[in-house]
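See structure below.
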Amino acid sequence: MKITAVVVTYNRKELLKKVILSLKEIPMLTSIVVVNNGSTDGTEQWLAEQTGIETITQANVGGSGGFYTGIKYAYEQGADWIWCMDDDVFPEPDCLSELLKVANKEESGILCPRRIQAGEVFVNECQKIDTTHTFSSMHQKRLTPEVNEPLDIEGMVFEGPLIRRKVVESIGFPNKDLFIFYDDTDYSLRAVKAGFRVVYVPDAIMQKEKFFSNDTWAEKQQKKKWKRRYQVRNSAYFNHHYGTTFGVRYIRTLTSLAGYLATALWLTVSRKGYGWKDIGNLWSAYKDGINERLGRY
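Heads up, the sequence shown is in my numbering, so the first residue is -2 and it goes up one at a time.
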């Protein structure tokens, strides 16, 4: 059985070192592939000095492009299982064996670990993706920290999912044109729609880095500005692409967009890092989404 770990990284060399150290302590792994999305912090040089790691360096095509490249490479190299993760999660030594334990008991397509952040269970997976009700959250029945048995889910994150080869054979690779946001949810829903089970495994543990900031609220919003466009566009795309009602396809994203626009307007008027162009960009992002125009901005 060939198991390949795929790690996507961008300008977080010190965290990447921790991930690699964790992975090298797992004997069941056949290979480790690092997709370096054009890092400029010395990551490429550090990787060149390492042994036991396969490296793919490419332009910064976002998380979605990174996982597209990594999963495609692992699949083409004959991997039976592909273990995907960002550079800020660190698997415990028995994480992989716990995932496989459940995989062997139940015919699962994707197995997802529990994440622990600063000693607390970190969850944002959900049991159900709602594609019908306009004013309901897309993510229904979000998991709680108390879950202690394997549980079927529909919404996952690319922080440790173990993907069976058959899933890739059936649904292909992640949508690289999303850049960031919703690439993981899109992939898990595609798997479910193709008849595969996606299972949350609470006994499989990954540690997740916690980031701290002394920025003010306005400063945080300014730093998130470039991400908001992708968040709005990809939410609109996801709802339009998978929605089964007019309301979900065209209206649902407007409810969250209204909040983002209000924030952008206040920051524009108060001259705190936003401008009228940024407000226009958010509206354009919504239109891009419902017209399913993707790619990097």
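Ideal Cβ placement from N, Cα and C applies to all residues, glycine included.
Check whether residue i and residue j have beta carbons under 8 Å apart
i, j, result
"Leu44", "Ile126", "no"
"Lys173", "Gly62", "yes"
"Val31", "Ile50", "yes"
"Pro110", "Ile23", "no"
"Ala282", "Val245", "no"
"Val165", "Tyr72", "yes"
"Leu12", "Asp84", "yes"
"Val198", "Pro147", "yes"
"Gln55", "Gly35", "yes"
"Tyr234", "Gly157", "no"
"Val3", "Ile107", "no"
First and last residue of the uninterrupted alpha helix (DSSP H) at residue i
i, result
"Gln219", "Trp214 to Tyr239"
"Phe64", "Gly59 to Glu73"
"Arg187", "Asp180 to Lys190"
Separation of residue j from residue i, as counted between CA atoms
i, j, result
"Lys217", "Gly270", "10 Å"
"Cys123", "Met153", "7 Å"
"Leu140", "Val118", "11 Å"
"Gln42", "Gly75", "28 Å"
"Ile150", "Lys163", "18 Å"
"Lys205", "Val16", "10 Å"
"Thr265", "Asn101", "55 Å"
"Thr252", "Trp214", "22 Å"
"Pro137", "Thr128", "As written in the sequence, residue 137 is Gln, which differs from the Pro given in the question. Using only the alpha carbons, I get a separation of about 10 Å."
"Lys98", "Ile0", "14 Å"
"Lys221", "Ala261", "11 Å"
"Tyr7", "Glu46", "18 Å"
"Arg161", "Asn231", "26 Å"
"Ser134", "Asp77", "35 Å"
"Tyr65", "Ile29", "16 Å"
Where residue i sits in the DSSP three-state scheme
i, result
"Glu95", "helix"
"Thr54", "strand"
"Leu262", "helix"
"Ala269", "Checking the sequence, you will find Lys at residue 269 rather than Ala. Coil."
"Ser167", "helix"
"Ala201", "strand"
"Gln42", "helix"
Start-to-end residues for the beta strand (DSSP E) that takes in residue i
i, result
"Ser36", "Looking at the DSSP string, Ser36 is not in any beta strand (DSSP E), and its letter there is neither H nor E."
"Glu22", "It is not in any beta strand (DSSP E) - Glu22 carries neither H nor E in the DSSP assignment."
"Thr6", "Ile0 to Thr6"
"Asn88", "Strictly speaking, residue 88 in this sequence is Pro, with Asn absent from that position. Note, Pro88: beta strand (DSSP E), Val86 to Pro88."
"Val144", "It is not in any beta strand (DSSP E) - Val144 carries neither H nor E in the DSSP assignment."
"Ile177", "Premise fails: Ile177 is in no beta strand (DSSP E) and is neither H nor E."
"Phe208", "Where Phe208 is concerned, there is no enclosing beta strand (DSSP E), given that its DSSP letter is neither H nor E."
"Glu103", "Careful: Glu103 lies outside any beta strand (DSSP E) and carries neither H nor E."
"Glu117", "Glu117 to Phe119"
"Ile79", "Trp78 to Met82"
Residues that residue i bridges to, as DSSP identifies them
i, result
"Leu108", "Leu159 and Val196"
"His136", "Ile126"
"Gly153", "Note that residue 153 is Met in the sequence shown here, rather than Gly. Met153 pairs with nothing; no bridge assigned."
"Val30", "Val3 and Glu51"
"Ile113", "Val118 and Gln204"
Closer than 8 Å to chain B by CB, residue i
i, result
"Tyr65", "Any reference to chain B falls outside this structure, which holds one protein chain only."
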